[in-house]
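A.B. asks: In the UniProt record's numbering, the protein residues as written are 14 to 317. After the structure tokens below, expect a handful of questions from me.
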Ligand code: GDP
């Protein structure tokens, strides 16, 4: 799906609310701002981010004395873009861009069910299509289904996979994967991990062990820790981001399932709260349905 199609539900719901907020009004007054605030909160932009946006608009109203509602859309667009700019999310990469080092190790973290495996499959497909060699590592050894699903993606994309028996040590699988990538001269390595949130210390410990074993083979790796979040869960995604960023150094995020939800505003909430770049968004179940996030395109699409 294209970005426009993928964001359709968010666009429809967000804009019907924004237009309701200003219906029958010619100037931006308290009531318009209250309605707009409500529209943003229900689009899952989150309280903190909504307050920030409303504050900015209030300041503009105070400064310009008079603001008509047709100017409001433009200002809203600018404020939303400013929030995305504030986060260092602008340096998203094209799959064709040369990666800074080889093999480039991406550790993929996130709770089960958010679309982690699918995102890994989509990334493998895209990197490979761009001419890069890819290797998958099945370090979620706790669920047989996780290894099976990753194997299916490996077959579907023709990308090799390193795996061990169910229940084996995830750090050992990660170690093997990186070692194999070094030996093969692989460009990009995608390592799946189990995202068990029920115990924070446990999660932290497990991810640290995996990271240490990767670093043992390849000092300086992993080069990216990609957190996958399900955009359709709105504020739950924010809560997961809080827990994972506390447990490990998350360097980038992928937000999935934006096609099935009107809660796309969560992308803003995440950018504002965590200042961690959103690099990819998922807009469907197919291999092609992963987009490199671009803040200008995102805002343009929301407002077009
Ligand atoms: P994991 O447990 O985190 O590895 O999750 P999976 O990758 O198995 O995905 C869980 C479900 O979400 C599957 O049915 C996927 O097809 C679906 N899914 C993943 N990403 C997207 C997306 O961007 N859009 C939609 N609509 N579905 C998705």
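Note that CB positions come from ideal geometry on N, CA and C, so glycine has one too.
Could you pull the start and end residues of the alpha helix (DSSP H) that residue 247 belongs to?
C.D. replies: As a working mapping, residue 247 is identified with position 234 in the chain shown. Per DSSP, residue 247 belongs to no alpha helix (DSSP H) and is neither H nor E.
A.B. asks: Do residue 164 and residue 175 have their C-beta atoms closer together than 7 Å?
C.D. replies: For the purposes of this step, residue 164 is taken as the residue at position 151 of the chain shown. For the purposes of this step, residue 175 is taken as the residue at position 162 of the chain shown. For residue 164 and residue 175, no; Cβs fall outside 7 Å.
A.B. asks: If you follow the alpha helix (DSSP H) that residue 223 is part of, which residue opens it and which one closes it?
C.D. replies: By 1-based counting over the chain shown, the position of residue 223 is 210. Its alpha helix (DSSP H) spans residues 213–230.
A.B. asks: When you compare each of 170, 153, 172 to residue 181 by their alpha carbons, which one comes out closest?
C.D. replies: As a working mapping, residue 181 is identified with position 168 in the chain shown. Ranking the options by Cα distance to residue 181, first place goes to 153.
A.B. asks: Judging by CA-CA distance, which residue of 47, 21, 292 is the nearest neighbour of residue 31?
C.D. replies: Numbered from its first residue, the chain shown carries residue 31 at position 18. Comparing Cα positions, the closest option is 47.
A.B. asks: Taking 6 Å as the line, does the beta carbon of residue 128 fall inside it for any heavy atom of ligand 2?
C.D. replies: Ligand 2 is not part of the structure shown, which contains ligand 1 as its ligands.
A.B. asks: Residue 272 lies in the beta strand (DSSP E); which residues open and close that run?
C.D. replies: Position 259 of the chain shown, counted from the first residue, corresponds to residue 272. That residue, residue 272, is in no beta strand (DSSP E); it is neither H nor E in DSSP.
A.B. asks: What does the Cβ neighbour count give for residue 137, buried or exposed, with the cut at 16 atoms within 10 Å?
C.D. replies: On the chain shown, residue 137 is found 124 positions in, with the first residue counted as 1. So residue 137 counts as buried.
A.B. asks: Which whole-angstrom value is the C-beta distance of residue 122 and residue 220, which I expect to be below 8 Å?
C.D. replies: Here the question's residue 122 lines up with position 109 in the chain shown. Here the question's residue 220 lines up with position 207 in the chain shown. Indeed, because the Cβ distance is near 7 Å, the residues count as touching under 8 Å.
A.B. asks: Check this for me: beta carbons of residue 264 and residue 237, under 7 Å apart or not?
C.D. replies: For the purposes of this step, residue 264 is identified with residue 251 of the chain shown, where counting begins at 1. For the purposes of this step, residue 237 is identified with residue 224 of the chain shown, where counting begins at 1. A contact, by the Cβ cut-off of 7 Å.
A.B. asks: How is the beta strand (DSSP E) around residue 293 delimited, first residue to last?
C.D. replies: On the chain shown, residue 293 is found 280 positions in, with the first residue counted as 1. Counting along the chain, the beta strand (DSSP E) containing residue 293 begins and ends at 291–295.
A.B. asks: Would you mind giving the Cβ-Cβ distance between residue 313 and residue 296, rounded to the nearest angstrom? I have them listed as a contact below 8 Å.
C.D. replies: Looking up residue 313 in the chain shown gives position 300. Looking up residue 296 in the chain shown gives position 283. Contact doesn't hold; Cβ gap of about 15 Å is too wide.
A.B. asks: I think residue 278 touches residue 28, with their Cβ atoms under 8 Å apart; what is that distance to the nearest whole Å?
C.D. replies: As a working mapping, residue 278 is identified with position 265 in the chain shown. As a working mapping, residue 28 is identified with position 15 in the chain shown. That pair is no contact at about 12 Å.
A.B. asks: Taking only the alpha-carbon atoms, compute the straight-line gap between residue 85 and residue 41 and give it to the nearest angstrom.
C.D. replies: Position 72 of the chain shown holds residue 85. Position 28 of the chain shown holds residue 41. Going from the Cα of residue 85 to the Cα of residue 41 covers about 8 Å.
A.B. asks: Give me, in chain order, the residues of the same chain whose beta-carbon lies closer than 7 Å to that of residue 103; leave out the 5 immediate sequence neighbours on both sides.
C.D. replies: Translated into the one-based positions of the chain shown, residue 103 becomes position 90. Any reading at residue 103 needs caution, since the residue's pLDDT is 45, under 50, leaving its predicted position unreliable; the model's value is listed next. Once the five neighbours on either side are set aside, the close Cβ partners of residue 103 are 308.
A.B. asks: Do residue 135 and residue 303 have their C-beta atoms within less than 7 Å of each other?
C.D. replies: Start at 1 with the first residue of the chain shown, and residue 135 comes out as number 122. Start at 1 with the first residue of the chain shown, and residue 303 comes out as number 290. Contact flag set, yes.
A.B. asks: Name the residue from 33, 57, 234 whose alpha carbon lies nearest to the alpha carbon of residue 113.
C.D. replies: In the chain shown, counting from the first residue as 1, residue 113 sits at position 100. The shortest Cα separation from residue 113 among 33, 57, 234 belongs to 234.
A.B. asks: Leaving out five residues on either side along the sequence, give the residues of the same chain with a beta carbon under 7 Å from the beta carbon of residue 107.
C.D. replies: If you number the chain shown from 1, residue 107 lands on position 94. Cβ neighbours of residue 107 beyond the five flanking positions: 305.
A.B. asks: Output the distance between the C-alpha atoms of residue 316 and residue 199, rounded to the nearest integer angstrom.
C.D. replies: By one-based count along the chain shown, residue 316 stands at place 303. By one-based count along the chain shown, residue 199 stands at place 186. Approximately 41 Å, taken between the alpha carbons.
A.B. asks: Nearer than 6 Å: is that true of the beta carbon of residue 125 relative to any heavy atom of ligand 1?
C.D. replies: Here the question's residue 125 lines up with position 112 in the chain shown. For ligand 1, at least one heavy atom lies less than 6 Å from the Cβ of residue 125.
A.B. asks: Closest to residue 218 by C-alpha separation, out of 167, 158, 259, 275, would be which residue?
C.D. replies: For the purposes of this step, residue 218 is taken as the residue at position 205 of the chain shown. That would be 259, whose Cα lies nearest to the Cα of residue 218.
A.B. asks: By how many angstroms is the C-alpha of residue 119 removed from the C-alpha of residue 15?
C.D. replies: Locating residue 15 in the chain shown gives position 2, counting from the first residue. Locating residue 119 in the chain shown gives position 106, counting from the first residue. Straight-line Cα distance between these residues: approximately 25 Å.
A.B. asks: Kindly provide the ranges of any beta strand (DSSP E) runs that are 3 or more residues long and lie completely inside the region 25–84, ordered along the chain.
C.D. replies: The qualifying runs do not exist here; there are none.
A.B. asks: Any heavy atom of ligand 1 closer than 6 Å to the beta-carbon of residue 269?
C.D. replies: Here residue 269 corresponds to residue number 256 of the chain shown, with the count starting at 1. Yes - ligand 1 has a heavy atom lying nearer than 6 Å to the Cβ of residue 269.
A.B. asks: Just how far apart, CA to CA, sit residue 38 and residue 243?
C.D. replies: Here residue 38 refers to the residue found at position 25 when the chain shown is read from its first residue. Here residue 243 refers to the residue found at position 230 when the chain shown is read from its first residue. Going by the C-alpha atoms only, they are around 36 Å apart.
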